[in-house]
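Here's the structure we're looking at; comments come further down.
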Amino acid sequence: MKLNLNIQPLNTWITSGKEPLVIAGPCSAETEDQLVATAQLLAKTGKITALRAGIWKPRTRPGEFEGIGSIGLEWLKRAKEETGLPTAVEVATAKHVEEALAAGVDILWVGARSTANPFTVQEIADALQGVDVPVMVKNPVNPDLSLWIGALERINNAGITKLAAIHRGFSSYGNTTFRNDPMWDLAISLKTQVPDLPIINDPSHITGNRDLIGYIAQKAFDLDMQGVMIESHIDPSVAWTDAKQQVTPAALSDIIDNLTLRKAEVKSAAVSDKLAELRAKIDKIDDLIIQKVAERMNIAEQIGKYKKDNNITILQVNRWEEILKKTTDYGKALKLDAEFTEKLLELVHTESIRRQGIILNEGQEQVEEKLTQA
Ligand code: PEP
Ligand code: MN
1 MKLNLNIQPL
11 NTWITSGKEP
21 LVIAGPCSAE
31 TEDQLVATAQ
41 LLAKTGKITA
51 LRAGIWKPRT
61 RPGEFEGIGS
71 IGLEWLKRAK
81 EETGLPTAVE
91 VATAKHVEEA
101 LAAGVDILWV
111 GARSTANPFT
121 VQEIADALQG
131 VDVPVMVKNP
141 VNPDLSLWIG
151 ALERINNAGI
161 TKLAAIHRGF
171 SSYGNTTFRN
181 DPMWDLAISL
191 KTQVPDLPII
201 NDPSHITGNR
211 DLIGYIAQKA
221 FDLDMQGVMI
231 ESHIDPSVAW
241 TDAKQQVTPA
251 ALSDIIDNLT
261 LRKAEVKSAA
271 VSDKLAELRA
281 KIDKIDDLII
291 QKVAERMNIA
301 EQIGKYKKDN
311 NITILQVNRW
321 EEILKKTTDY
331 GKALKLDAEF
341 TEKLLELVHT
351 ESIRRQGIIL
361 NEGQEQVEEK
371 LTQA
């Protein structure tokens, strides 16, 4: 299902002529010196399109630094005057919107915790009525695509057409490689459902770890995202918030230099012929995979009938373990990752079991029918 939002193309409202689009700046504005000095070094790299800074910080626990507040807007104004960089801040209330606009902030963004709350998003949207300002909407903390789309719709309904999404990953329980799991599929679904919507990736909040920022940024560009937002601090070791994920302006400059920007559209005829040939091969194999899976399901159903006639349980653990071992070993020999083979098999096996369950229950329903008729 496609959703038509009234959105102006990104390059009509964020014009720097720089490739790739990088929004950078500290997680939080801490002091005037820290903010202005960071902004100056960022601007000097010549690779930054806009300056970000958190002025009001949504903190998980009370007692943590909750942002410097309105005074930071003055510092941001100075940073803009001295560097010429447009500025971006997070807004979470109508008051934040009013103050940020009054201070001449160029881009507003809605944070992940706010996107998760439709009341908050609506309050922000109401404050934006009649205002022509770019707004970026971070994904909600929980992996719920509707909440993300809903927030974008609310902001768009308020008349904001300079609109983009920010993909900053999703909370998950337990230890994971990333601070926030990227769940790329969700960002891809958003792009599929709202094709005109630019998506900016936030590798800092996804990784929570400065060493992985380049890797995630590259992946985002490979998935055709339009830009990145990266946290940068003049001295990350003493940052008041998100110290582990911030990079110096110099380190950020290296990260940007190491990115490879690939084109979504292929220009050369030779390249596109080769691509078409390889894609045709893939399509054929996909057809075969589906055909074989369907054949396998057919046989699984025959087994289901047999099990029913002979009163055998659907799942025989030994048999399943044997299939798993045999097939992952075979996969390994063919250079397939064991975890991948296991996941694939599990998916197919779960569907087989579901179908066999239907066959068994079909009988039961008939029995129940007979029983109720009696
Ligand atoms: C931030 O950008 O500093 C921030 C608080 O991000 P998020 O809303 O993604 O947690
Ligand atoms: Mn942060």
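So the sequence shown is numbered by full-length UniProt numbering: it starts at 1 and just counts up by one.
The C-beta atom is built at its ideal place from N, Cα and C for all residues, glycine as well.
None of these values were measured; they are calculated from a predicted model.
Next item on the list: Quick one: using the 10 Å Cβ neighbour count with 16 as the cut-off for buried, is residue 19 buried or exposed?
Entry: In this structure residue 19 is exposed. Its beta-carbon is surrounded by fewer than 16 other beta-carbon atoms within 10 angstroms.
Notebook entry, point to check: Based on the DSSP secondary-structure assignment, which residues constitute the bridge partners of residue 136?
Noted result: Answer is 109 and 164, bridged to residue 136.
Note to self: Helix, strand or coil for residue 172? Go by DSSP, reduced to three states.
What the structure shows: coil
Notebook entry, point to check: Would residue 47 be called buried (16 or more neighbouring beta carbons within 10 Å of its own) or exposed?
Noted result: buried
Checklist line | Residue nearest to residue 108 in terms of C-alpha spacing, selected from 166, 260, 334 and 224 | finding: 166
Check: Would you call the region 62-79 and the region 26-43 in contact, with 3 or more CB pairs under 8 Å?
Finding: yes
Check: Between residue 34 and the ligand MN, is the CB less than 8 Å from at least one heavy atom?
Finding: no
Item checked: Closer than 5 Å: residues whose CB approaches a heavy atom of the ligand PLP -> Among the ligands present in this structure, namely the ligand PEP and the ligand MN, the ligand PLP is not found.
Next item on the list: Would you give the residue range spanned by the alpha helix (DSSP H) that residue 227 belongs to?
Entry: Run containing residue 227: none in the alpha helix (DSSP H); it sits in the beta strand (DSSP E), 227-231.
Item checked: Local Cβ density within 10 Å of residue 1, reported as buried at 16 or more and exposed below that -> exposed
Margin query: Distance check for residue 227 and residue 316, CA to CA, integer angstroms please.
Written below: Answer to the nearest angstrom: the Cα atoms are 50 Å apart.
Notebook entry, point to check: What do you reckon, are the CB atoms on residue 237 and residue 25 nearer than 9 Å?
Noted result: no
Next item on the list: With DSSP as the reference, please indicate the residues paired to residue 181 in a beta bridge.
Entry: 170
Check: The beta strand (DSSP E) with residue 123 in it runs from where to where?
Finding: That residue, residue 123, is in no beta strand (DSSP E); its alpha helix (DSSP H) goes 118-128.
Notebook entry, point to check: Can you give the beta carbon distance from residue 80 to residue 111, rounded, assuming they're within the 8 Å contact cut?
Noted result: Incorrect: roughly 21 Å between the Cβ atoms, too far for contact.
Checklist line | Alpha carbon of residue 53 to alpha carbon of residue 92, nearest angstrom | finding: 14 Å
Margin query: If I measure Cβ to Cβ from residue 9 and keep anything under 8 Å in the same chain, skipping five residues before and after, which residues do I get?
Written below: 196 and 198.
Check: Contact between the region 267-283 and the region 323-342: three or more CB pairs below 8 Å?
Finding: no
Notebook entry, point to check: Is residue 62 buried or exposed, if buried means 16 or more other CB atoms sit within 10 Å of its CB?
Noted result: exposed
Next item on the list: Taking residue 82 as the reference, give the member of 117, 120, 64 and 36 with the closest Cα.
Entry: 36
Note to self: Classify residue 319: buried if its beta carbon has 16 or more other beta carbons within 10 angstroms, exposed otherwise.
What the structure shows: exposed
Check: Which one or two residues does DSSP pair with residue 317 in a beta bridge?
Finding: Residue 317 is not bridged to any residue.
Note to self: Is the separation between the beta-carbon of residue 118 and that of residue 147 shorter than 9 Å?
What the structure shows: yes
Checklist line | Three-state class that DSSP yields for residue 20 in the structure shown | finding: coil
Item checked: Contacting residues, own chain, Cβ-Cβ under 6 Å from residue 330 (five flanking each side not counted) -> none
Checklist line | Reduced DSSP category for residue 69 - H, G, I as helix; E, B as strand; rest coil | finding: coil
Next item on the list: On the DSSP bridge assignment, give the partners of residue 51 in chain order.
Entry: 24 and 87
Note to self: Taking its Cβ as the centre, do 16 or more other Cβ atoms sit within 10 Å of residue 256, making it buried, or is it exposed?
What the structure shows: buried
Margin query: Taking only three categories from DSSP, how would you classify residue 199?
Written below: strand
Check: When the distance is taken between beta carbons, is residue 194 closer than 9 Å to residue 3?
Finding: yes
Note to self: Which of the three DSSP states is assigned to residue 247 in this structure?
What the structure shows: strand
Notebook entry, point to check: Since residue 11 and residue 161 are thought to touch, with beta carbons under 8 Å apart, how far apart are those beta carbons, to the nearest angstrom?
Noted result: In fact, because the Cβ distance is near 14 Å, the residues do not count as touching under 8 Å.
Checklist line | Buried versus exposed call for residue 43 [16 or more other C-beta atoms within 10 Å across all chains shown] | finding: buried
Next item on the list: Can you give me the start and stop residues for the alpha helix (DSSP H) that residue 59 sits inside?
Entry: It is not in any alpha helix (DSSP H) - residue 59 carries neither H nor E in the DSSP assignment.
Item checked: Whole-angstrom distance between residue 335 and residue 341, CA atom to CA atom -> 10 Å
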